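What follows is a short report on a single structure.
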Amino acid sequence: MKTVLTLNFLLLSMAIASAQDKSGIPVEARTAAQSVKPEAIRAHMRFLADDAMEGRKPGTRGYRLAANYVISQFEALGLQPAGEQQTYLQKVPLRQWRVNEENSSLTLIDKKGEKPLVLGKNYNLSPVYGSEKSEVTAPVVFVGFGVTAPDLNYDDYKNVDVKGKIVAYFNGAPAAFPSNQRAYHGSAKLENAAAHGAVGVISFSLPTDVRNRMEASATRARQGTYRWLDKDGKPQRVYPELKAVVSLGDSTARAVFAESGHSLADVIAAANKSIPQTFPLNFSVRVKTETRSGGDIAGYNVVGLLPGSDPVLKNEYVVYVSHLDHLGVGRPVKGDSIFNGAHDNASGVAINLEAARMYTSLPQHPKRSILFVAVTAEEMGLLGSDYFASNPTVPQENIVANLCLDMPFFFHQLVDIVPYGSEHSSMAKEVNTVANYLGVKVAKDPIPEQVVFMRSDHFSFVRHGIPAIYIKSGTQTGNPELDGLKLNLDWRATIYHSPQDEINQPFDFNAAARHAQLQFLIGYLTAQNPNRPTWNPGDFFGNKFGRKPQTDSGK
């Protein structure tokens, strides 16, 4: 099997290499890329997704075993320790919070009186960080999607004062928004509500949105939530102004419109047409939330450095990131309780390790330094990458680009790719150059409703003004009888975040090798470019998060 796998990939690489004089990629980089080893990717995945890793949950023996494996690979490749105290590890302080259900409640109050709801059946509560006991009674105002997007001429809060009130909104964001802005605004609602003076939020789903159903969210809510702590022990990315964070089940959500004077069908129709809408729901709620700390976890990022070769540019960094963690051991599904996370995300770590090996095969290191970071606690909310991007082990202002890899989806030939983020920065040039060289097409996001742009570790870098690329395979398979989009959606519906995400799935490791070549070559060209990547003029993310442009690298 190994011989056939390698031979097939070698023949494909030779065919590509035969016509590359005009590729714009130096011969030494092409040679390194052609040395890619599909079997090495498979071997890394096999180890990291083994039952012995116990699902790689942060704070467990299995996670530390996985981290030690990555460290051993970094050492074997000659990458320098780039964590803390001359080690490969960066400690990430994590704390868990849980809602004490016995002492928490939600009551609807209208002209007919009070109606208590059932936690876990009608609604779920999120912890209120920094407050063990929180209670708030306030009127409820419906604010559509709860989105303010002046650049897109959209504002659900226009002409309404929600100070001291609780806002209710649909999950997600208007479908008319561009894919990545839709993803961002769909994730920034707590921040937006707090900025408008709300004291609480109530969210619920459109009928077509199956990602936040009560059945699944109730189980997740009982597992608690995590945040990383700053040097003073305070949780980050929290909004203490919000005294209640509630999600409603479908039937309960329908009921809250009964006294509003608005038909739920009409409200849904307006939302589907991306029409802003705001009106009072004509009832109040009383929410009591008791929050308890579930304890601290010492998470770890693993950081290795390939020093640059240019005397000036070596002080700048291109950062590769992939999350090492998964969900650990949980409730059995089909007789298996270990959430191995082979695709999510042993695959990304394995491919970045192979990209690192290709770098070390170069006759000379690239001009800029390369950091490889296997981050923790992605499954807890991008916590490890957010911690690293906020507290990097190199000067933050010298991180010029990020390349992320997380379940790239290689269950078929790699015919096209979706390079999330490339449309926002000058890194599109490197992406297009490498895609053309490798003979893969560049496609648009086929599943914007999945808000992929916000759901992996590259966004932690975007939030600090660092251009980032996150590549996933597209929907073309090279087989007219195989529907790539259906294959992807079916996998998400049946395997994703389940114990069945194991190494015995029908992976195409030649496609995985192509992903490794993409990762390596895009990063290499970025590291060689005398100019830093820049946000495109007028870009949404560049305007919101971008740093002052630097195009001369300080020379």
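Just so you know, we're using the UniProt record's numbering here: the sequence shown kicks off at 1 and counts up by one. For glycine and all other residues, C-beta sits at the position ideal for the given N, C-alpha and C. Since the model is a prediction, treat every value here as computed from it, not as a measurement.
Pick helix, strand or coil for residue i, following the three-state DSSP scheme.
i, result
"ILE275", "coil"
"ARG227", "strand"
"SER385", "helix"
"ASN282", "strand"
"ASN479", "coil"
"GLU379", "coil"
"ASN402", "strand"
"residue 556", "This structure leaves residue 556 out entirely; the chain is present only between 1 and 555."
"ASP552", "No answer about ASP552 holds up, because its pLDDT of 41 lies below 50 and its placement is not dependable."
"SER134", "strand"
"ARG547", "coil"
"THR289", "strand"
"ALA374", "strand"
"GLN80", "strand"
"ILE119", "Inspection of the sequence shows that residue 119 is occupied by Leu rather than by Ile. Strand at LEU119."
"ALA175", "coil"
Pick out whichever of the options has its Cα sitting closest to the Cα of residue i.
i, options, result
"GLU430", "THR526, VAL312, ALA32", "THR526"
"PHE388", "LEU281, VAL462, ASN488", "VAL462"
"residue 642", "LEU353, LYS231, HIS326, ALA176", "Since the first residue shown for the chain is 1 and the last is 555, residue 642 is missing from the structure and cannot be characterised."
"THR393", "GLY341, VAL302, TRP228", "VAL302"
"ASN153", "TYR169, GLN181, VAL199", "GLN181"
"PHE507", "ALA52, TRP491, GLY294, SER203", "TRP491"
"PRO395", "ILE166, LYS243, GLU354, GLY83", "GLY83"
"VAL267", "PRO207, LYS158, GLN505", "PRO207"
"ALA513", "VAL136, GLY24, ILE41, GLN277", "ILE41"
"ASP230", "GLY146, VAL118, GLY249, PRO93", "PRO93"
"residue 560", "GLN519, GLN277, GLN528", "No answer is possible for residue 560: it lies beyond the span of the chain, which begins at 1 and ends at 555."
"SER426", "PRO530, ALA183, ASN159, THR291", "PRO530"
"LYS314", "ILE399, ILE338, GLN505, VAL143", "ILE399"
"GLN364", "SER35, GLN528, ALA66, TRP97", "GLN528"
"ASP501", "TYR470, MET407, GLY478, GLU449", "MET407"
"VAL143", "PHE279, GLN86, GLU101, THR225", "PHE279"
"VAL141", "VAL415, TYR169, PHE509", "TYR169"
At the level of alpha carbons, what is the spacing between residue i and residue j?
i, j, result
"GLU28", "LEU383", "37 Å"
"VAL128", "LYS189", "16 Å"
"ARG368", "PRO81", "17 Å"
"SER473", "MET380", "24 Å"
"ARG237", "ARG227", "8 Å"
"ASP232", "ALA298", "16 Å"
"LYS111", "GLU259", "9 Å"
"VAL70", "ALA374", "8 Å"
"GLN223", "LEU327", "11 Å"
"ASP269", "PHE453", "At residue 269 the sequence reads Ala, which differs from the Asp that was named. Distance between the alpha carbons of ALA269 and PHE453 is about 26 Å."
"LYS555", "VAL312", "Legend: pLDDT at LYS555 = 33, less than 50; position of this residue unreliable, no value from coordinates given."
"GLN73", "LEU489", "33 Å"
"HIS185", "ASN192", "9 Å"
"THR433", "PRO419", "13 Å"
"GLN519", "SER134", "47 Å"
"CYS404", "TYR524", "14 Å"
"GLY308", "TRP97", "42 Å"
"SER203", "LEU77", "48 Å"
"GLN20", "THR360", "The pLDDT assigned to GLN20 is 41, lower than 50, so where the model puts this residue is not dependable, and the model offers no usable value."
"ASP445", "GLU354", "26 Å"
"MET53", "LYS91", "20 Å"
"PRO240", "ASN402", "31 Å"
"ALA253", "VAL199", "19 Å"
"LYS243", "VAL136", "6 Å"
"THR225", "LEU79", "34 Å"
"SER18", "SER35", "With a pLDDT of 46 at SER18, under the threshold of 50, the predicted position of this residue should be treated as unreliable, though the coordinate-derived value follows. Spanning the two alpha carbons is a distance of roughly 15 Å."
Does the Cβ-Cβ distance between residue i and residue j come in under 9 Å?
i, j, result
"GLN476", "GLY484", "yes"
"residue 561", "TYR317", "This structure does not reach residue 561, given that the chain is present from 1 up to 555, and the question cannot be answered."
"HIS44", "VAL349", "yes"
"ALA346", "PHE372", "no"
"GLY55", "GLY335", "no"
"ARG286", "THR107", "yes"
"TYR63", "LEU324", "yes"
"TYR437", "LEU521", "yes"
"VAL442", "ILE417", "yes"
"ASP156", "SER205", "no"
"ILE447", "HIS515", "no"
"SER284", "ALA194", "no"
Any beta carbon from chain C within less than 9 Å of residue i's own beta carbon?
i, result
"ALA193", "Included in the structure is just one protein chain, with no chain C present."
From the DSSP secondary-structure annotation, give me the bridge partner or partners of residue i.
i, result
"ASP336", "VAL333"
"LEU125", "VAL246"
"ASN301", "GLN90"
"GLN96", "TYR226, GLY295"
"LEU535", "Per the sequence shown, the amino acid found at residue 535 is Trp instead of Leu. Answer is SER425, bridged to TRP535."
"HIS323", "VAL375"
"ILE471", "PRO419"
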